[in-house]
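Engineer: Please see the structure below; I have some questions.
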Amino acid sequence: MLAYIIRRILLIIPTLFGIMVINFLIIQLAPGGPIQQILAQMEGTAVSATARISGGSSGDVGNGSQNNLSGNTSSQNAKYRGATGLDPDFIKELEKQFGFDKPLHIRFFVMMGNYLRFDFGTSYFRDKSVVNLVLEKMPVSISLGLWTTLIVYMVSIPLGIRKAVNDGNTFDIWTSGIVIIANAIPSFLFAVLLVIVFSGGQFLDWFPLRGLTSANWDDLSLWSKIVDYLWHITMPVFALVIGGFASLTMLTKNSFLDQIGMLYVQTARAKGLSENQVLYGHVFRNAMLIVIAGFPSAFIGILFTGSMLIEVIFSLDGLGLLGFEAAINRDYPVMFATLFFFTLLGLIMQLIGDVMYHVVDPRIDFDTREV
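In my numbering, the protein residues as written are 1273 to 1643.
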């Protein structure tokens, strides 16, 4: 197992490098860049990506960028604001300030060298380090991802087991219909429905619409803080959960059906074991192998791929919204640093998933497997 882990760790390096190269080239080919965004802001033609949850508008491009420039550049900013044209020398000065005067490959290797030293740079438009920005937004995304993953597993595994035991019965047919319908509803559309029904849209006003905590959070007792947090997180998590348990439920059901038909199950029944002893003493361990081992990657998937629109709808300032604004504003340090970090995290989680297979069932040996 140790040899396999070492091979996988060594494979992470070229995989991560290749992903970064491809995305770097694609993003560089996209029209409009940080310099164009700054010039548009200076000319008054910039368009905001979204309204930020706190700290002003995400379109306040000039504020962060001016802090990254020298005092001389700031004075020229005022000089050329509103002008019909911009001095080419000033544009060249901006390019030099942000490093765009260097060839493409030089910029890439400088960036990767910085990342190897865990230097992820500073946002062009927010005047904050990328690390601080990510840490600031991380609690929101972790709350959504962790609660969603736990609830999905808590619902899907028991439901999948019962569907397998009652395969073909009325319960299995009705629950399959409900699961398919729930899976067909986009999370953001269901979130809008929840807002209309339960957040003072047209019917009830039971749940808050903004943020993870109330304005008087600091004045609340510990128990009141817990209740307030759960009160705010209920609808965003429910919106993510509604379409997330379908595939895991069916995976659990099919895994159990495959194991129930095995010879060792018939042998256990022939020995006089009860159905529960057969189901949970023998079948469960083998059937849950693929489900439990996939937990790390499932958490990462929910954490970083399904929450952006939910964050926008419920005014949650998390990583999904940060990534969206960075892409719209061409905030390269945020875009590339988060891509590097989360790609690396995803590759590590894949390795952890393989290790989980061995932990759940030690009979699995990866040492003879080709990477």
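From the three backbone atoms N, C-alpha and C, an ideal C-beta is built for every residue, glycine too.
(1) Along the chain, which unbroken stretches of the beta strand (DSSP E) at least 3 residues long are found entirely within the region 1480-1506?
(2) Roughly how many whole angstroms lie between the Cα atoms of residue 1489 and residue 1598?
(3) Tell me which residue opens and which closes the alpha helix (DSSP H) that residue 1435 is part of.
(4) Going by the beta-carbon positions, is the gap between residue 1591 and residue 1295 smaller than 7 Å?
(5) Are the CB atoms of residue 1512 and residue 1420 within a distance shorter than 7 Å?
(6) With a threshold of 7 Å on Cβ separation, who are the neighbours of residue 1282 within its own chain once the five nearest residues in sequence on each side are excluded?
(7) How would you label residue 1557, buried or exposed, when you count the other beta carbons within 10 angstroms and need 16 or more for buried?
(8) What does the Cβ neighbour count give for residue 1654, buried or exposed, with the cut at 16 atoms within 10 Å?
(9) Would a C-beta distance cut-off of 7 Å place residue 1486 and residue 1477 closer than the cut-off?
(10) For residue 1431 and residue 1278, what's the separation of their Cα atoms in angstroms?
(11) Excluding sequence positions up to five away, which residues of its chain have a Cβ less than 7 Å from the Cβ of residue 1254?
(12) Relative to the alpha-carbon of residue 1519, which residue among 1448, 1507, 1584 has its alpha-carbon at the smallest distance?
(13) Once DSSP output is grouped into helix, strand and coil, what is the label at residue 1527?
(14) In the structure shown, what three-state DSSP assignment does residue 1448 receive?
(15) Given a cut-off of 7 Å on the beta-carbon distance, is the pair residue 1517 and residue 1413 in contact?
(16) Thinking residue 1415 and residue 1532 are a contact (beta carbons under 8 Å), I'd like their distance in whole angstroms, please.
(17) In whole angstroms, give me the CA-to-CA distance for residue 1402 and residue 1409.
(18) Which of the three DSSP states is assigned to residue 1546 in this structure?
(19) Here's a check: name, in chain order, each residue in its chain whose Cβ is nearer than 6 Å to the Cβ of residue 1588, leaving out the five neighbours to either side.
(20) Taking 8 Å as the limit between beta carbons, can you name the residues of its chain near residue 1537, skipping five residues before and five after?
(21) What number of angstroms, rounded off, separates the C-alpha of residue 1434 from the C-alpha of residue 1525?
(22) Residue 1509 to residue 1375, Cα distance in whole Å?
(23) For residue 1483, which option in 1454, 1494, 1503, 1596 has the closest C-alpha, if you only look at C-alpha atoms?
(24) Can you check DSSP and say which residues form a bridge with residue 1471?
(25) Looking only at DSSP bridge pairs, what is residue 1394 linked to?
(26) Looking at residue 1479: is its Cβ nearer than 7 Å to the Cβ of residue 1507?
(27) Could you give the distance in angstroms between the alpha-carbon of residue 1440 and the alpha-carbon of residue 1561?
(28) How many angstroms separate the CA atom of residue 1471 from the CA atom of residue 1460?
(29) Ordered along the chain, which non-local residues of its own chain (more than five positions away) have a Cβ less than 6 Å from that of residue 1463?
(30) For residue 1508, does the three-state DSSP call read helix, strand or coil?
Structural biologist: Let me spell this out:
(1) none
(2) 29 Å
(3) 1402-1437
(4) no
(5) yes
(6) none
(7) exposed
(8) Here the chain comprises residues numbered 1273 to 1643, so residue 1654 is not present and cannot be evaluated.
(9) no
(10) 38 Å
(11) With the chain running from 1273 to 1643 in the structure shown, residue 1254 is simply not present.
(12) 1448
(13) helix
(14) helix
(15) no
(16) The pair is not a contact, with the Cβ atoms about 37 Å apart (cut-off 8 Å).
(17) 11 Å
(18) coil
(19) 1412
(20) 1531, 1550, 1554, 1555
(21) 8 Å
(22) 45 Å
(23) 1503
(24) 1477
(25) 1401
(26) yes
(27) 24 Å
(28) 15 Å
(29) 1511, 1582, 1585
(30) helix
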